[in-house]
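The UniProt record's numbering numbers the first residue of the sequence shown as 1 and each following residue consecutively. Presented below is the structure to which this report refers.
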Amino acid sequence: MLSVNIRNLSYSISDNKILNEINLELEKDKIACILGPSGCGKTTLLKLIAGLSQVQDGEIFLNDELVSSNNFHLKTEKRKIGFLFQDYALFPHQNVKENLQFAIKNKSTSHTIKEILDVIKLSDALDKYPHELSGGEQQRVALARSIIARPNLLLLDEPFSSLDLNLRDEVRDDTLHLLQKSNISVFIVTHDPFEAMFISNKIYIMSKEGRIVQSGTPKDLYNLPNSSYVANFFGET
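Written as structure tokens, this is what we have:
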């Protein structure tokens, strides 16, 4: 498990400032949500944490060790971070078992695969290929593949956005159960305030300009918004 500390992080593409002076923390074994509208820099922030993009200004610490700054960059593969992309990125030519085995160095751990498939309720899908699975089933396999590698930190990029509304509640419940059972520190990004309140211990709200405008527990943000912008997020939640 990792703690995350981000200090004064800014990021630009050409002359367009994507992130502005981001400061945030994630405690070990906690789930934090980055909530904001599309285009506010949420995914960019995850990529910087994962080491997929180079920090321009500011610093990122994992367990109080510097991993990114404007003159230092620890490679992604050395950070022990799992990343679940929006499109799930399952290998179409591999079945469920092979997709999960890809994440495990020791290929003999079939009992580990069976255990996690039992948790995500897909124990009978071992030999199925991604195109034979529903969207919700694909999401669960992708999440299981991220967790089975035993990362210290898991980053989830809009993990439920492509699911039908009638599937979201069920998959969200299963996801939260699996994350809590796995004892992994998690960052999740979303534009859905209900999702943020349901799944996270702490929420960071971002503005369209790429700034964090308020942070706190779901209850605190709902009851004590510091602006109409924040209040509007939770007005109908």
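Just so you know, even glycine gets a beta-carbon here, dropped at the ideal spot from N, CA and C.
For I81, I'd like the list of residues in its chain whose CB is within less than 6 angstroms of its CB, leaving aside the five on either flank, ordered along the chain. If the five residues before and after I81 are omitted, its C-beta is found closer than 6 angstroms to the C-beta atoms of A50, P151 and L153, all from its own chain and listed in chain order.
What is the C-beta distance between S185 and K30, in whole angstroms, given that I count them as a contact (C-beta under 8 angstroms)? Contact between S185 and K30 holds: CB atoms are separated by about 6 angstroms, below the 8 angstroms threshold.
Might you give, ordered along the chain, the residues of its own chain that have their beta carbon closer than 6 angstroms to the beta carbon of R211, omitting 5 neighbours on each side? N20.
Please work out which residues of its chain come closer than 6 angstroms, Cβ to Cβ, to L221, disregarding the five sequence neighbours upstream and downstream, and give them in chain order. So the qualifying residues of the chain are I203.
How big is the Cα-Cα spacing for L66 and R79? If you draw a straight line from the Cα of L66 to the Cα of R79, it comes to about 11 angstroms.
Taking the C-alpha atoms as reference points, what is the distance between N23 and L179? Taking the straight line joining both Cα atoms gives about 24 angstroms.
S228 versus F83 - alpha carbon distance: Rounded to whole angstroms, the separation of the alpha carbons of F83 and S228 is 33 angstroms.
Expressed to the nearest angstrom, what Euclidean distance is found between the alpha-carbon atoms of F61 and N183? Answer to the nearest angstrom: the Cα atoms are 20 angstroms apart.
Distance, Cα to Cα, N8 vs E59? Distance between the alpha carbons of N8 and E59 is about 7 angstroms.
If you drop the 5 nearest sequence neighbours on each side, which residues of the same chain put their C-beta closer than 6 angstroms to that of V119? Excluding sequence neighbours, V119 sits near L178.
Does DSSP put A89 in a helix, a strand or coil? Coil, per DSSP.
Residues that I22 bridges to, as DSSP identifies them: As computed with DSSP, I22 is found in a beta bridge with L9.
With a Cβ-Cβ cutoff of 8 angstroms, do I147 and C33 count as a contact? No; because the gap between Cβ atoms is not below 8 angstroms, this pair is not in contact.
I'd like to check one pair, F198 with R172: are the Cβ atoms closer than 8 angstroms? A Cβ-Cβ contact shorter than 8 angstroms links R172 with F198.
Taking the alpha-carbon of M206 as reference, which of E132, L74 and A231 has the nearest alpha-carbon? The candidate whose alpha carbon is nearest that of M206 is A231.
With respect to the alpha helix (DSSP H) encompassing A50, which residues constitute its N-terminal and C-terminal limits? Judged by DSSP secondary structure, A50 falls within the alpha helix (DSSP H) whose first and last residues are K42 to A50.
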